[in-house]
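Colleague:
There are 2 protein chains.
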Amino acid sequence: MKPQEMVDRILKADRRAAARLMTMVEDQSELASEIMKDIFACTGRSMLIGVTGAGGSGKSSLIEHLIGRFRKDDKKVGVVAVDPSSPFSGGALLGDRIRFQKYSLDDGVFIRSMGSRGYMGGLARASSDVVRIMEAMGNDVVIIETLGAGQDEVDIIHIAQTCLLVLTPGMGDDIQAIKAGIMEIADLIVLNKADLEGANSCIQSLESAIHYNLKKDKDVWVPRVVPTIASSMQTAECEGIEDLYQNIMEHQAFLHKTRRIDTVHAKRIEQELGLIFKDEVEKTVFAGLKGTGKKREYIESIIKGNNNPYSVVDEVLSTFLRTEKLE
Amino acid sequence: MKPQEMVDRILKADRRAAARLMTMVEDQSELASEIMKDIFACTGRSMLIGVTGAGGSGKSSLIEHLIGRFRKDDKKVGVVAVDPSSPFSGGALLGDRIRFQKYSLDDGVFIRSMGSRGYMGGLARASSDVVRIMEAMGNDVVIIETLGAGQDEVDIIHIAQTCLLVLTPGMGDDIQAIKAGIMEIADLIVLNKADLEGANSCIQSLESAIHYNLKKDKDVWVPRVVPTIASSMQTAECEGIEDLYQNIMEHQAFLHKTRRIDTVHAKRIEQELGLIFKDEVEKTVFAGLKGTGKKREYIESIIKGNNNPYSVVDEVLSTFLRTEKLE
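Residue numbers (this note's numbering), protein chains in the order written: chain B, 0 to 326; chain Z, 0 to 326.
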C-alpha cells in the first residue's frame, strides 16, 4: 500500500489500513511519521475519554458498557488499551483477541491494545499516535484505557479530555494514598462494584477528600463520585452506566462552555510534542552510535575502570548536540 | 556539604550524605552527575537482587525476611523500592516511613523508595544511580524492588544480577500470560503464599512452562520455582526463606563460576549508558527550548492548523542535532 493510498483509506475508516499504520507506528517506521503528518489535519475533533484504574477494578467491563451506551447514540468508538506490562506477559496481543468480544463484529467499534516493545519503548508516543489515527478514521469517541501506574501511562492519560478514575470499595489504604492526587487527574471518580461492603463510607471519604482539596476558583470543575456495578464482562446490565454517561457529557459540556477545551487542546499538543521529541531524539542519537563499534569500546573502558557512564555520556552528547538556544 | 566531603562521607557509609545525594539525583541536579563520577570507581562489587511481582504478592514481606537472612551473615543490605505510581499516590514517600519498620534502627540496612517526579521522569535512571550510591556506601547486597509493570521498571530490573519473580497461587490466567516471558526475566520464581489452595498445580504448571521454554544450551541457568509462605509483615517466621536464600546464593555462584557475571556487568553498564543518555539528551534539548517563547508559538501554529507536531519536532531536531556518526 502506497503512503497516499494509506492516508486515503484511513480517512475513509478502512480498518486494515489503520491497523497497518498503527503497527508501523509501534515499529517506529520512518514512513509512519510522514503519514502521520498527512492525516494530522483530519484529527483533533473526537471526544477523548481516559479510563484509569488498577487491575481488578472492572475497568474493561465498564468500558464495554460505555461503548454500548455510545453505540446507542450511533457514535463510532475507538478504544486504545495501554498495557506496559506486556514485555513480561504478551498481554497486549492476547488482549486484542479476548477482550471486548461483544463488539468484534461491530464496524462502529475499533479496539487496539498497545504493549511495550523492549527498551527503546516510546509506548506513550506510539499510543498518542494511535489516538490520532483513531480520530482520522472518524471515531466520535476515543477511550484510552490504562492501569494508571508508570510514567508511560501518566503521559498518555494527559492526552484525554475527560478522565475517569475507577476504584472499588475496600481498597482502604490505597484510597487514602491517592486522595492527594485525585484532584489532579480525575474529572470523574467511578466507584465500581458499589454493591460491595463499605461502598457508602468509601463514597463519603472520597467526597470529603474532593472538597478538602477543592480550589476556590470560579468556573472550576468539581470532580464527582459516580457509583456503578459492572463486575464481570458479558453481563447484560450495568447499574449506574447511564449516570456515568450523563456525567461524562456534562463534563464535556463544561469544557466547551467555559472554553476550557482550548487549554485542554493546547496541553494535549504540548504533551505530544514532548513525547515525539523524546522519541526522535533517542532514535537519532542511537542511530549515530549504532554500528560504529564505539559503544562496545566505551563499555569495555568502563568495565576496566578507566571511565564511567556519566563521562561517556558527556562526551557523546558534546558530539551530537549543539547547545545554542533556538532563536 | 562540599562535593568532595560528600564523596568522602558516602564512601564511609554516612547515611545522611548518601540520602542527600539520592535526592540530588532525583532532582536531576547538575552536581549530582559530577559526584556520581567520583564515587563510580567504588561501585560494581555488590550482589544485586531484583524482586518483581504484582501488588499483593507479598513482595515487601519476603524482602523483609530476606534482609533478615542476609543480616544473619552480617551482610550490609540496601533496598531500592521503585514505585512509579507515586505521581498519583505519593506512595513512595509514605512507603519510606511505614515499610520495613523492623530495620529502622539497624545501621546495616538502608532503604530508599523511588517515585516518579512528573513528566521529565527519568525514574529508571535515578534508580540506577541510587543503586550505585548504595554500592559506594559498602552495602554487600542491594535489593531492587519493582511492581514489574511499566517501562521504567523493566529498565531498572535489567540492572539486577539475580532476578526473583514473586507470584501467588490463584493468579490463574495471569500465570498463563506471563509464561512466555518468564525465561527472559526470572532466575528464580518465588511462589509465595504457598499455603493457599492451588499452590501445587501452580508449581507444576510453572515448572512445565520453564521446561517447555528451556533452551538446550550447555551452561544455561534453569529457572527454579521456590515456594514460600510470607503473607504479612512483622511475622516472626517465613517458611521457605532459607531455601530461597540458598537458591539465590547458588545462582550467584553459577554466575561467577561460568564467568556469566562478566556479561551481566557489561549489560548493566550498557543499560545504564542508555538511561543516562536519554535523560541527559532530554535535559539539554529541553533547556535549549525553555524560555524562548518558541514552544508557545509552535503550539499555536499547530492549533491553528498551520503545522503538526511531527514537522515541528523535525525542525527543532535539525537545529540541535548533528547527524554525523561518531568516528
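Where is the CB? At the ideal position from N, CA and C, for every residue including glycine.
These numbers come from a predicted model, not from an experiment.
May I have the straight-line CA-CA distance separating S60 (chain Z) from A229 (chain Z), to the nearest angstrom?
Modeller: Your numbering for residue 60 (chain Z) matches position 61 in the second sequence. Your numbering for residue 229 (chain Z) matches position 230 in the second sequence. If you take the alpha carbons of S60 (chain Z) and A229 (chain Z), they lie about 6 Å apart.
Colleague: Which residues in the same chain have their Cβ closer than 7 Å to the Cβ of S127 (chain B), if we skip the five residues on either side of it in sequence?
Modeller: Position 128 of the first sequence, counted from the start, is the residue given in the question as residue 127 (chain B). For S127 (chain B), where only same-chain residues beyond five positions count, the Cβ hits under 7 Å are I155, I158, E271 and L274.
Colleague: In this structure, does DSSP put A198 (chain Z) in helix, strand or coil?
Modeller: As a first step, residue 198 (chain Z) must be located in the second sequence, where it is residue number 199. Of the three classes helix, strand and coil, the one that applies to A198 (chain Z) here is helix, per DSSP.
Colleague: For T145 (chain B), count neighbouring C-beta atoms within 10 Å of its own C-beta (all shown protein chains included) and say buried if the count is 16 or more, exposed if not.
Modeller: Along the first sequence, one-based indexing puts residue 145 (chain B) at 146. By the 10 Å Cβ count, T145 (chain B) comes out buried.
Colleague: Where I301 (chain B) and D242 (chain Z) are concerned, what is the direct C-alpha to C-alpha distance, given to the nearest angstrom?
Modeller: In the first sequence, counting from the first residue as 1, residue 301 (chain B) sits at position 302. In the second sequence, counting from the first residue as 1, residue 242 (chain Z) sits at position 243. Distance between the alpha carbons of I301 (chain B) and D242 (chain Z) is about 35 Å.
Colleague: Spell out a yes or no on whether the stretch 197–206 of chain B and the stretch 128–137 of chain B are touching, meaning 3 or more CB-CB pairs, one atom from each, closer than 8 Å.
Modeller: In short, these stretches do not touch, since the Cβ pair count stays below three.
Colleague: What did DSSP end up calling M248 (chain Z) once you bin it into helix, strand or coil?
Modeller: By one-based count along the second sequence, residue 248 (chain Z) stands at place 249. The answer is helix: DSSP assigns M248 (chain Z) an H, G or I state.
Colleague: For V78 (chain Z), I'd like the list of residues in its chain whose CB is within less than 6 Å of its CB, leaving aside the five on either flank, ordered along the chain.
Modeller: Here residue 78 (chain Z) refers to the residue found at position 79 when the second sequence is read from its first residue. These residues qualify, in order along the chain: I110 and I142.
Colleague: Any chance the stretch 35–45 of chain Z sits against the stretch 293–307 of chain Z, with 3 or more Cβ pairs inside 8 Å?
Modeller: The stretch 35–45 of chain Z, when compared against the stretch 293–307 of chain Z, does not touch it at the 8 Å Cβ threshold.
Colleague: Given a threshold of 16 other Cβ atoms within 10 Å of its Cβ, counted over all protein chains shown, does M23 (chain Z) qualify as buried or as exposed?
Modeller: As a working mapping, residue 23 (chain Z) is identified with position 24 in the second sequence. Looking at its Cβ environment, which holds 16 or more other Cβ atoms inside 10 Å, M23 (chain Z) is buried.
Colleague: Do G57 (chain Z) and T161 (chain Z) have their CB atoms nearer than 8 Å?
Modeller: Within the second sequence, numbered from 1, the residue matching residue 57 (chain Z) stands at position 58. Within the second sequence, numbered from 1, the residue matching residue 161 (chain Z) stands at position 162. Result no, Cβ atoms of G57 (chain Z) and T161 (chain Z) do not sit closer than 8 Å.
Colleague: Would you say Y309 (chain Z) faces chain B, with C-beta separation under 8 Å as the test?
Modeller: Counted from its first residue, the second sequence places residue 309 (chain Z) at position 310. Interface residue, yes.
Colleague: Between A31 (chain Z) and D37 (chain Z), what straight-line distance do the alpha-carbon atoms span, to the nearest angstrom?
Modeller: Within the second sequence, the letter at position 32 stands for residue 31 (chain Z). Within the second sequence, the letter at position 38 stands for residue 37 (chain Z). The alpha-carbon atoms of A31 (chain Z) and D37 (chain Z) are separated by roughly 10 Å.
Colleague: Mind checking which residues open and close the alpha helix (DSSP H) that includes G67 (chain B)?
Modeller: Locating residue 67 (chain B) in the first sequence gives position 68, where the first residue counts as 1. Its alpha helix (DSSP H) spans residues K58 to K71.
Colleague: If I'm right that V130 (chain B) touches I66 (chain B) with Cβ under 8 Å, what's the distance once you round it to whole angstroms?
Modeller: As a first step, residue 130 (chain B) is located in the first sequence; it is residue number 131 there, counting from the start. As a first step, residue 66 (chain B) is located in the first sequence; it is residue number 67 there, counting from the start. Rounded, the Cβ-Cβ distance is 16 Å, inconsistent with contact.
Colleague: From M35 (chain B) to D13 (chain B), what does the alpha carbon distance come to, in whole angstroms?
Modeller: Along the first sequence, one-based indexing puts residue 35 (chain B) at 36. Along the first sequence, one-based indexing puts residue 13 (chain B) at 14. Each residue's Cα considered, the two are about 16 Å apart.
Colleague: For a cutoff of 8 Å on Cβ pairs, would you count A135 (chain B) as touching chain Z?
Modeller: Against the first sequence, residue 135 (chain B) aligns to sequence position 136. Not one chain Z Cβ lies under 8 Å of A135 (chain B).
Colleague: Taking the C-alpha atoms as reference points, what is the distance between G239 (chain B) and R223 (chain Z)?
Modeller: Here residue 239 (chain B) corresponds to residue number 240 of the first sequence, with the count starting at 1. Here residue 223 (chain Z) corresponds to residue number 224 of the second sequence, with the count starting at 1. Whole-angstrom Cα-Cα distance: 47 Å.
Colleague: Look at the alpha carbon of G52 (chain B) and the alpha carbon of L164 (chain B), and state the distance between them as a whole number of angstroms.
Modeller: What you label residue 52 (chain B) is simply residue 53 of the first sequence in a count that begins at 1. What you label residue 164 (chain B) is simply residue 165 of the first sequence in a count that begins at 1. So the alpha carbons of these two residues sit roughly 6 Å apart.
Colleague: In chain order, what residues of the same chain have a beta carbon less than 7 Å from the beta carbon of D278 (chain B), not counting five sequence neighbours either side?
Modeller: Against the first sequence, residue 278 (chain B) aligns to sequence position 279. Excluding residues within five positions, the ones whose Cβ falls inside 7 Å are G121 and R124.
Colleague: Check whether the Cβ of I143 (chain Z) lies closer than 8 Å to any Cβ atom in chain B.
Modeller: Numbered from its first residue, the second sequence carries residue 143 (chain Z) at position 144. For I143 (chain Z), the answer is no, since every Cβ of chain B falls outside 8 Å of its Cβ.
Colleague: Bridge partners for S112 (chain Z) per DSSP, in chain order?
Modeller: Position 113 of the second sequence, counted from the first residue, corresponds to residue 112 (chain Z). Answer by DSSP bridge pairing, in chain order: Z:A80.
Colleague: Check the DSSP bridge columns for M35 (chain Z) and list the partner residues they point to.
Modeller: For the purposes of this step, residue 35 (chain Z) is taken as the residue at position 36 of the second sequence. Partner(s): none; M35 (chain Z) has no beta bridge.
Colleague: Indicate the three-state DSSP secondary structure (helix, strand or coil) for E314 (chain B) in the structure shown.
Modeller: In the first sequence, residue 314 (chain B) corresponds to position 315, counting from 1. Helix at E314 (chain B).
Colleague: Taking Cβ positions only, does K36 (chain B) come closer than 8 Å to chain Z?
Modeller: Counting from one through the first sequence, the residue named residue 36 (chain B) turns up at place 37. With 8 Å as the cut-off, K36 (chain B) counts as an interface residue toward chain Z.
Colleague: Give me the subset of the stretch 263–281 of chain Z whose CB atoms are less than 7 Å from a CB atom of chain B, sorted by chain position.
Modeller: Those residues of the stretch 263–281 of chain Z that come within reach of chain B (Cβ to Cβ, closer than 7 Å) are H264, A265, I268, E269, E271, L272, G273, I275, F276, K277, E279, V280 and E281.
Colleague: Consider the Cβ of T161 (chain B): report whether some Cβ of chain Z lies at a distance smaller than 8 Å.
Modeller: Here residue 161 (chain B) is taken as the residue at index 162 of the first sequence, counted from 1. Cβ-Cβ to chain Z under 8 Å: no for T161 (chain B).
Colleague: When DSSP labels each residue in this structure, what does I369 (chain B) get in the three-state scheme?
Modeller: Chain B is shown from 0 up to 326; residue 369 (chain B) falls before or after that span and cannot be answered.
Colleague: Residues of chain B with a CB under 7 Å from the CB of I302 (chain Z): which are they?
Modeller: Here residue 302 (chain Z) refers to the residue found at position 303 of the second sequence. Result: H264, A265 and I268.
Colleague: Hey, quick one: how far does the alpha helix (DSSP H) through V6 (chain B) stretch, first residue to last?
Modeller: Position 7 of the first sequence holds residue 6 (chain B). Start and end: P2 to L10.
Colleague: Got a sec: is the Cβ-Cβ distance from I209 (chain Z) to anything in chain B below 8 Å?
Modeller: Residue mapping note: residue 209 (chain Z) aligns to position 210 of the second sequence, counting from 1. Not one chain B Cβ lies under 8 Å of I209 (chain Z).
Colleague: To the nearest angstrom, how far is the alpha carbon of N191 (chain Z) from that of I247 (chain Z)?
Modeller: In the second sequence, the residue the question calls residue 191 (chain Z) occupies position 192. In the second sequence, the residue the question calls residue 247 (chain Z) occupies position 248. Rounded to the nearest angstrom, the two C-alpha atoms are 16 Å apart.
Colleague: Which of the residues in the stretch 21–45 of chain B, read from start to end, lie with their CB under 7 Å from any CB of chain Z?
Modeller: Cβ contacts with chain Z come from S32, M35, K36, F39 and A40.
Colleague: Does the beta carbon of I298 (chain B) sit closer than 8 Å to a beta carbon anywhere in chain Z?
Modeller: Residue numbering aside, residue 298 (chain B) sits at position 299 when the first sequence is read from its first letter. It does: the Cβ of I298 (chain B) has a partner Cβ on chain Z nearer than 8 Å.
Colleague: Give me the Cα-Cα distance between S88 (chain B) and C237 (chain Z), rounded to the nearest whole angstrom.
Modeller: For the purposes of this step, residue 88 (chain B) is taken as the residue at position 89 of the first sequence. For the purposes of this step, residue 237 (chain Z) is taken as the residue at position 238 of the second sequence. Residue confidence for S88 (chain B) is low, a pLDDT of 29 falling below 50, so the modelled location carries little weight and cannot support an answer.
Colleague: Should V219 (chain Z) be labelled buried (16 or more other beta-carbon atoms within 10 Å of its own) or exposed?
Modeller: Position 220 of the second sequence, counted from the first residue, corresponds to residue 219 (chain Z). V219 (chain Z) is exposed by the Cβ-count criterion.
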